[in-house]
Every structure is written in structure tokens, then in C-alpha cells.
Amino acid sequence: LPPHIRALMTTRGPLRIPCSAFALGAGINLEMLLQGGLAGILLGVLTTFVGGFFNIRADRLVGGTGIAGAAASSTAGNAVATPLAIAQADPSLAEVAAAAAPLIAASVITTAILTPVLTSWVAKKQARLALALLQIGGCRRRG
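Residues 1 to 143, numbered by this note's numbering, are exactly what the sequence shown covers, in order.
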């Protein structure tokens, strides 16, 4: 990257996150949660917790704490547009895409609620584990 772009991204990076998140979620409303119904909510719950399980394990496998894996366990906001893109590419799938869009939207909303909960839980669990390891290490040094 050019130095001026690198400096901009480094110093202004945190400001970009809310803007990007707003742009991704601007077309989603709670009515879509009702349209997606229980199946869409279940899809979101499974995405958060089953996907989260594997994401956390993968993060730990590569040396992480699992927190990043938990944070990645959501249905991204732009996933709602995927069925429309598929239907445009293959019009024979338009009916399936119309049924899938509300399910995905419900999953996006559900995971937007559950993913921070899962991430917080993993972070707190990791902090307790780190504290316990420090206490054990301190006991060994004294004894």
C-alpha cells in the first residue's frame, strides 16, 4: 500500500468498522426475522454455536485463544444478497432464492445477537483460564 493509505488505514481503521457494519446491515429489518421464522432463527443458532465450535477449535489449533474464532461465528450481513445473485445468474433458481433470502436474513439477525454473547463468553473463559494459570505458576514459584 502507498504510505499515505497505510497511515490512513492504521489511524482511522476503528472508524471504518461502524461504517462498514452499517452498510452491511442497512437493508435488514426485524420483519425479515418474522419472515424467516423458526427455521431462520434455528439456522442462526446453529451457525453461531456449531460453526462457533469449529471456528474456536481452528483458532486454538493455529495458536490463538479461540476468541477470534468465536467472533467469526456469524452470518455476514451481505449473505442476504447471495440468493438474489444466484437467481440472477440462473433464473431457474429464482423460487428457491426467494425462499432462502428470509431464512438468511433471520440468521443474520440471530447471529448478530448471539455472536457477541458467544465471543464474550469465550473471552471471559479465556481470562479465567489465564488467571488460574498465573496463580498456579505463582504457587509453584513460592513453594
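All C-beta atoms in this analysis are idealised placements derived from N, C-alpha and C, irrespective of residue type, glycine included.
Contact check, residue i vs residue j, beta carbons under 9 Å
i	j	result
residue 122	residue 66	yes
residue 82	residue 33	no
residue 115	residue 70	yes
residue 102	residue 52	no
residue 106	residue 64	no
residue 79	residue 55	no
Helix, strand or coil at residue i according to DSSP, with G and I counted as helix
i	result
residue 74	coil
residue 52	helix
residue 117	helix
residue 62	coil
residue 2	coil
residue 143	Here the model assigns residue 143 a pLDDT of 46, short of 50, so the residue's position is not dependable, and the following value carries that caveat. The answer is coil: DSSP assigns residue 143 none of H, G, I, E or B.
Integer-rounded CB distance, given that residue j should sit under 8 Å from residue i
i	j	result
residue 86	residue 93	6 Å
residue 75	residue 119	At roughly 15 Å, the Cβ-Cβ gap does not stay under 8 Å, so residue 75 and residue 119 are not in contact.
residue 84	residue 99	That pair is no contact at about 12 Å.
Buried versus exposed, by CB contacts within 10 Å (16 or more), residue i
i	result
residue 29	exposed
residue 143	Only weak support exists for where residue 143 lies, its pLDDT of 46 falling under 50; the coordinates are left without a value.
residue 130	exposed
residue 108	buried
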